[in-house]
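Just add 3 to wherever you are in the sequence shown, counting from 1, and you've got this note's numbering. Cβ atoms here follow ideal geometry from the backbone N, Cα and C, with glycine treated the same way.
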Amino acid sequence: IVAHGGNGGMGNYRWRTRTYEALTAHTDGEPGEEQILKLELKLVADAGLTGFPNAGKSSLLTAISSAHPKVAAYPFTTLNPIIGTVVFDDYSHVTVADLPGLIKGAHEGIGLGHTFLRHMERAKCLVFVLDMAGVDGRNPLDDYRNLRNELKLHKEDLPDRP
């Protein structure tokens with residue numbers, strides 16, 4: 004319980020009698036406690052797609068689910084996490100979250116940083132999506148190491164997820 008409500012008043016029905024049916028009498032309730040809260044929503048997904056911008060996370064989600072994330076040839080097309088559901092032949096399913104691309108320094112808030120690293124904390128497993136062609140001039144192995152490092156710098160046990 005974050006805040007307790009006040010004692011309720013008595014509505015006009017409480018005062019009704021056989022001869023007094025106008026129902027205009029009432030008693031006010033007492034005010035309850037007030038709190039100002041900051042709530043943080045973290046998406047829950049079975050798998051979180053993580054990778055650098057333009058690595059193909061949205062394209063992969065489009066291919067494996069019926070989700071329709073924005074796909075474009077420029078960085079940071081995914082500004083909000085998108086969840087897709089992968090349904091198998093036996094009707095079981097897995098939810099997959101397409102998270103915005105991480106860049107070096109994301110743990111310090113660079114790029115979309117903390118905003119989306121926190122969503123990865125709720126994913127049961129992480130799927131690293133790497134650009135194996137090196138289109139942006141980066142080495143895929145270095146990308147993998149940098150991604151794991153960013154996750155570790157954000158939260159120590161995050162890279163240990165399956």
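Within the same chain, show all residues whose beta-carbon is closer than 7 Å to that of residue i, passing over the 5 residues directly before and after it, in chain order.
{"i": "PRO34", "result": "GLY9"}
{"i": "GLY32", "result": "GLY9, ASN10, GLY11, GLY12"}
What is the DSSP secondary structure of residue i, counted as helix, strand or coil?
{"i": "ILE85", "result": "strand"}
{"i": "LEU40", "result": "coil"}
{"i": "VAL153", "result": "The sequence shown places Glu at residue 153, rather than the Val named in the question. In the structure shown, GLU153 sits in a helix (DSSP, three-state: H, G or I)."}
{"i": "THR65", "result": "helix"}
Hey, residue i and residue j: beta-carbon distance below 8 Å or not?
{"i": "VAL132", "j": "GLY51", "result": "no"}
{"i": "ALA100", "j": "HIS122", "result": "yes"}
{"i": "LEU154", "j": "LEU161", "result": "yes"}
{"i": "ALA66", "j": "THR98", "result": "no"}
{"i": "ASP145", "j": "GLY59", "result": "no"}
{"i": "VAL74", "j": "SER61", "result": "yes"}
Short of 6 Å in beta carbon distance, which residues of its chain neighbour residue i, apart from the five on each side in sequence? Order them along the chain.
{"i": "GLN38", "result": "VAL5, ALA6"}
{"i": "LEU129", "result": "GLY51, THR53, ARG164"}
{"i": "ILE85", "result": "ALA70, PRO72, ASP101"}
State the Cα-Cα distance for the pair residue i and residue j, rounded to the nearest angstrom.
{"i": "ASN57", "j": "GLU36", "result": "48 Å"}
{"i": "THR88", "j": "SER68", "result": "6 Å"}
{"i": "GLU159", "j": "GLU124", "result": "11 Å"}
Across which residues does DSSP place residue i in a beta bridge pair?
{"i": "LEU52", "result": "ASP101, VAL130"}
{"i": "THR96", "result": "For the sequence presented, residue 96 should be read as His rather than Thr. The partner list for HIS96 (beta bridge, DSSP) reads VAL90."}
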